[in-house]
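See below for the structure under consideration.
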Amino acid sequence: MMLSILEISDLSHGFGDRTLFRNVQVQLSPREHVALIGRNGVGKSTFLQIIADFISHDAGYVKFQNNIQYGYLTQHADLSQFATIGDALRHAFAPIFAKEELLQTIAEKLGTVADQELERLLERYANLQEELERDGIYELGSRVDSVASGLGLLELGLDRPVANLSGGQRTKVLLGQLLLQQPDVLLLDEPTNFLDAEHVIWLKDYLQNYPQAFIVISHEADFLEEVGNVIWSIENAQLIRYNGKYSAYLAYAQERNAQQVQAFTRQQQEIKRTEEFIDKNIARASTTKRAQSRRKALEKLDRIEIPPTTPPPSFPFVEAPSSAKISIDAKGLQIGYSHALLPPLDIIIEQGSKIALVGYNGIGKSTLLRTLVGELPAFDGKLQRDEKLQIGYFAQENYQHDQMTALERVWQHVPSWPQQDVRKALARSGLKQEHITQQIRSLSGGEQAKIRLCILTLHQYNALVLDEPTNHLDNASRNALQAALKKFRGTVILVSHEPIFYQSIVDSTVDLESLFTRGVADRIIAHGAKSRR
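Residue 398 in the UniProt record's numbering sits at position 398 of the sequence shown; the count goes up by one each step and never skips.
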């Protein structure tokens, strides 16, 4: 049997009255590629944080074998110590560069020492040379270029200052750094969130051929299907291990759950018959012993439990009336902060049109959305919105430091509502009762996204502007959002890196990268779909 490199035993953890894990037992073997799955809020990210020793757990132990190195992809990495993207990526090879410096130091001493010391230094020099060749010292530059290209960092420029990077770009740099380090265990929490489609394909191929072990969380089912060969599923505070592909596990789980429901139904029928027998016979002298015996057997019965069924979430966006044909009209619009990010744009977005904006990370998609909704002033040009335009805006942010509960945060937006109605709105959006009264900062990224989507369902809008709304959402929530946006009859402007999500929603897709190659006045024109009228 292959020895484990990570052992988790009797792990229990929770927040307040909420239990996330109860006596979890699992092992990780070398070269296993694990897909960690479960619904939003079951504790997937917390589980990785416990493994990475970012947070402490309540009971049990988590132990890596001696000399096992692991790398953890966090969304809140500090890269301030590095001047440029290239510096950050090359830092992955810091131990190798340290050996190279030592080699140079020894070389400088060779002509200044006595014969006895010289022999020792020459031996050390030769050993270091062999180690550096095994480390691939001469291929480090090409490895950096390969990973940087695969993640879309090469096009940003390896000399680009880290201080000028967006949050998504910083996460890509950290991911690149971890991939170049090639630790014995990679811990990846939503690594595709800030990757464009072509870079997701590259990462799939990289992880499929990764020579070490990894544990990955992702909301993209096809990604998990292609990279994972072992499934760890968090269900009802337990972790179920399954050797095989994601799709095979789903089929297995469906069959297992169906069998469990059948067994539960049979047992409940038997319990009912037994209870009826006891009620009829307990008072009769001739049958009381039999009834008492059955009662004792019933008390000792190991009862089958089935998890409570959770209704799928829904996001019923309410359309506000609009009489204008044009929602947004811009001429010569430029966006940016200290400098313009895109060429001047002429934009006409008709009421009821649905448009997806795509382009590499950092090109200016989020900045364009913030400008269109009025959060940022235009860098130059003219921008006019319909005076009756009511925009619901989903920004790419999180509630990392929010100490309010989900109930308090949502209630702020509808203070006249009874508390019960606010609770219903949150439950409809997929939040469980225990989530509703927790501090938002302790909730998962998926739960936080559901809170923000819930807020958008509370008021009437005739335009929805959404910046990567599917980041962190589980499949059920993503499907519910997709259905809601299809049904919504107002304008939709959407940024997403998932074609499988947005292609069935939008009427047109605008690739912002093409704006740099046209060589003419750039125009974005989105027409409303007549079929929706």
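Idealized CB from N, CA, C, for every residue including glycine.
Just verifying my parser: in three-state terms, what is the DSSP assignment at residue i?
i      : result
GLU305 : coil
ASN236 : coil
THR405 : strand
PHE394 : strand
GLU101 : helix
ALA476 : helix
VAL422 : helix
ARG170 : helix
GLU7   : strand
ASP507 : coil
LEU466 : strand
LEU383 : strand
THR274 : helix
GLY71  : strand
ASN229 : coil
Residues in the same chain with beta-carbon distance under 6 Å from residue i, minus the five sequence neighbours each way, listed in chain order, please.
i      : result
ARG295 : ILE278
LEU368 : ILE335
LEU207 : VAL227
LEU103 : LEU128
LEU154 : ALA148
GLY71  : LEU178, GLN181, PRO183 and LEU186
ARG428 : SER314
ILE215 : VAL34, LEU36 and LEU187
Which word fits residue i, buried or exposed, when buried means at least 16 other C-beta atoms lie within 10 angstroms of its C-beta?
i      : result
ARG266 : exposed
ASP184 : buried
GLN79  : Gln is not the amino acid found at residue 79; the sequence shown has Leu there. Answer is buried; the Cβ neighbour count reaches 16.
PRO499 : exposed
GLN351 : buried
PHE317 : buried
ILE321 : A small fix is needed here, since residue 321 is Pro in this sequence, not Ile. Classification of PRO321: exposed, given that the 10 Å Cβ count is below 16.
ASN398 : buried
GLU255 : exposed
TYR61  : exposed
PHE54  : exposed
GLU468 : buried
ILE306 : exposed
THR105 : exposed
ILE354 : Residue identity check: residue 354 is Lys in the sequence provided, not Ile. Buried: at least 16 other Cβ atoms inside 10 Å.
GLN396 : buried
HIS459 : exposed
GLY374 : exposed
ASN209 : exposed
What number of angstroms, rounded off, separates the C-alpha of residue i from the C-alpha of residue j?
i           : j      : result
ALA107      : GLN65  : 37 Å
LYS382      : ALA330 : 5 Å
ALA483      : GLU434 : 26 Å
GLY86       : LEU165 : 13 Å
SER508      : GLN169 : 26 Å
residue 535 : LYS289 : This structure leaves residue 535 out entirely; the chain is present only between 1 and 533.
ALA59       : GLN49  : 15 Å
ARG370      : GLY16  : 37 Å
LEU301      : GLN403 : 44 Å
ALA449      : VAL495 : 15 Å
HIS57       : ILE51  : 9 Å
SER12       : LYS172 : 32 Å
ILE348      : ASN361 : 24 Å
ARG160      : LEU466 : 28 Å
LEU512      : LEU345 : 11 Å
SER233      : GLY43  : 11 Å
GLY167      : ILE440 : 20 Å
GLU7        : VAL26  : 6 Å
ILE217      : LEU203 : 14 Å
ALA324      : ASN462 : 11 Å
LEU453      : SER338 : 32 Å
SER142      : ARG134 : 16 Å
GLU119      : THR84  : 41 Å
ALA88       : SER146 : 15 Å
With a threshold of 7 Å on Cβ separation, who are the neighbours of residue i within its own chain once the five nearest residues in sequence on each side are excluded?
i      : result
ALA175 : Checking the sequence shown, residue 175 turns out to be Leu, not Ala. Within the same chain, LEU175 has close Cβ partners LEU73, LEU151 and PRO191.
ALA92  : GLN177, LEU180 and GLN181
THR437 : THR405 and LEU407
Apart from the five residues just before and just after residue i, which ones in its own chain have a Cβ nearer than 8 Å to its Cβ?
i           : result
ARG31       : PRO211, GLN212 and ALA213
HIS219      : GLU190, GLY446, THR470, ASN471, HIS472, LEU473, ASP474, ASN475 and ARG478
ILE5        : LEU28, SER29, PRO30, PHE64, GLN65, ILE68, ASP184, VAL185 and ALA213
GLY244      : ASN229, VAL230, ILE231 and TYR252
residue 538 : Lying outside 1 to 533, the shown extent of the chain, residue 538 is not represented and no answer is given.
GLU275      : LEU298
Ignoring anything shorter than 4 residues, give me the alpha helix (DSSP H) runs that lie fully in the segment 104-150, in order along the chain. Those alpha helix (DSSP H) runs which fall completely within the segment 104-150 and span 4+ residues are 115-134 and 140-150.
Residue ranges of each alpha helix (DSSP H) run of no fewer than 4 residues wholly in the segment 185-227, ordered along the chain? 197-208 and 221-227
Ignoring anything shorter than 3 residues or poking outside the segment 237-262, list the beta strand (DSSP E) runs there in chain order. 238-243
Report the start-end ranges of each alpha helix (DSSP H) in the segment 303-380 that is 4 residues or longer and not cut off at the edges. 365-373
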